[in-house]
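Visitor: Residue numbering for the sequence shown follows my numbering, beginning at 1417 and increasing consecutively.
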Amino acid sequence: MQTTKVGIREFRENLANYLESKTPVAITRHGSTIGIYVPTKPKPSQADLEALRVAGERMQALIAAAGTSEDEIVADFQKTRREGRTRKG
1417 MQTTKVGIRE FRENLANYLE SKTPVAITRH GSTIGIYVPT KPKPSQADLE
1467 ALRVAGERMQ ALIAAAGTSE DEIVADFQKT RREGRTRKG
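#1: Whose C-beta lies closer than 6 angstroms to the C-beta of V1442 among residues of the same chain, with five residues either side of it excluded?
#2: Can the beta-carbon of L1468 be found less than 8 angstroms from the beta-carbon of V1454?
#3: Just list the residues that DSSP pairs A1442 with in beta bridges.
#4: Measuring CA to CA, which of R1445, T1439, K1438 is closest to E1426?
This is how it looks when you write it as structure tokens:
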């Protein structure tokens, strides 16, 4: 499955276009992937479902290899967002 890589600012600015896309989008910040948007179709193909399953397994492997957990990643993300809001306001 083809993936488009875009920076977070570009993703935000062109959100409507990416939401209409049929291609998954890897969202990056400073060159590192911070999220993946996977568009859904009314009836995803078996190949799409399999690709999504494989991507999920790869993500779990990367999380395990980093020696962290999903909960720790979410907590770190939330902390970073709070700090960003504090700096802006």
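C-beta: ideal position from N, C-alpha, C; glycine also. All values reported here derive from a predicted model rather than from experimental measurement.
Guide: Based on what the coordinates show:
#1: By one-based count along the sequence shown, residue 1442 stands at place 26. Looking at the sequence provided, one finds Ala at residue 1442 rather than Val. Beyond the five residues adjoining it in sequence on each side, A1442 comes within less than 6 angstroms, by CB distance, of T1419, K1421, T1449, I1452 in the same chain, given in chain order.
#2: What you label residue 1468 is simply residue 52 of the sequence shown in a count that begins at 1. What you label residue 1454 is simply residue 38 of the sequence shown in a count that begins at 1. Between L1468 and V1454, the CB-CB gap stays under 8 angstroms.
#3: Within the sequence shown, numbered from 1, the residue matching residue 1442 stands at position 26. BP columns for A1442 point to K1421, I1452.
#4: The residue labelled residue 1426 in the question sits at position 10 within the sequence shown. It is R1445 whose Cα lies nearest to the Cα of E1426.
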